[in-house]
Amino acid sequence: MVTKPRDKLTYSEPIATGEIAISAAPGEVYRLISDPVAMAECAEELCKARWIRGATEARVGNWFSGSNRNGHRRWVTHAEITEAEPGRRFAYRVRTPFFVPISRWEYDITPDGDGSRVTVTNWLRVPGWFIPFAIMITGEPDRVATNRANIATTLGRVKDRLEGREWRRDPCV
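Following the working numbering, the numbering of the sequence shown begins with 212 at its first residue and continues without gaps.
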């Protein structure tokens, strides 16, 4: 499936997608997904997040910072919210603190019976010259496979959290 690029730095095809059915209303799902501070508890690489530039909520143009980890490796990203439709869609683009584009993430929420279906789509936006640095920083040479696996893990945790099941993620140290 080929999609139209969102901007000149977005590759035309997503590198990773995932989907899950959740027994929670779309508004409830959106409240969690659009709160990066809360999502850090469910995410695989995102260790913690905080609002930056005066932002306190999910609105188009607001920014948050993410502290990420992969084993002993740590790095920080900044993300700008590009779409925020309560109960329907949340999207943001990620860059390094020194302005190199990294990725775009989209979360689509649709009603599904008494619950919701969540679809996550991820585009890589890293310029070719930065890929060796990204591998060195993150320790991950196969970003496609990693993001696919991380999406599945994160969506499972989101489902467990919203459906009230116990789950545990290794603490960020």
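Glycine included, C-beta positions come from ideal geometry on N, C-alpha and C.
Cβ neighbour criterion (16 or more within 10 Å) applied to residue i
i: GLY324; result: exposed
i: ILE264; result: The displayed chain sequence assigns Arg, not Ile, to residue 264. Under this definition ARG264 is an exposed residue.
i: ASP218; result: Because ASP218 carries a pLDDT of 46, less than 50, the predicted location of this residue cannot be relied on, and the following value inherits that uncertainty. Label assigned to ASP218: exposed.
i: ILE362; result: buried
i: ILE346; result: exposed
i: GLY282; result: exposed
Backbone CA spacing between residue i and residue j [nearest angstrom]
i: ARG299; j: ARG242; result: 10 Å
i: GLY388; j: PRO237; result: Absent from the structure is residue 388, since the part of the chain shown begins at 212 and ends at 384.
i: LYS370; j: ARG328; result: 10 Å
Distance CB(residue i)-CB(residue j) smaller than 7 Å
i: PHE341; j: TYR318; result: no
i: ALA235; j: LEU373; result: yes
Extent of the continuous alpha helix (DSSP H) to which residue i belongs
i: ILE244; result: 237–244
Reduced DSSP secondary structure (H/G/I, E/B, other) of residue i
i: PHE344; result: helix
i: ALA232; result: strand
i: ASP319; result: strand
i: ARG261; result: strand
i: ASP218; result: Low confidence applies here, because ASP218 scores a pLDDT of 46, under 50, leaving its location unreliable; read the following figure in that light. If DSSP states are grouped into helix, strand and coil, ASP218 belongs with coil.
i: GLY339; result: helix
i: GLY277; result: strand
CB contact below 7 Å: residue i versus chain C
i: ARG376; result: The structure shown has no chain C; it contains just one protein chain.
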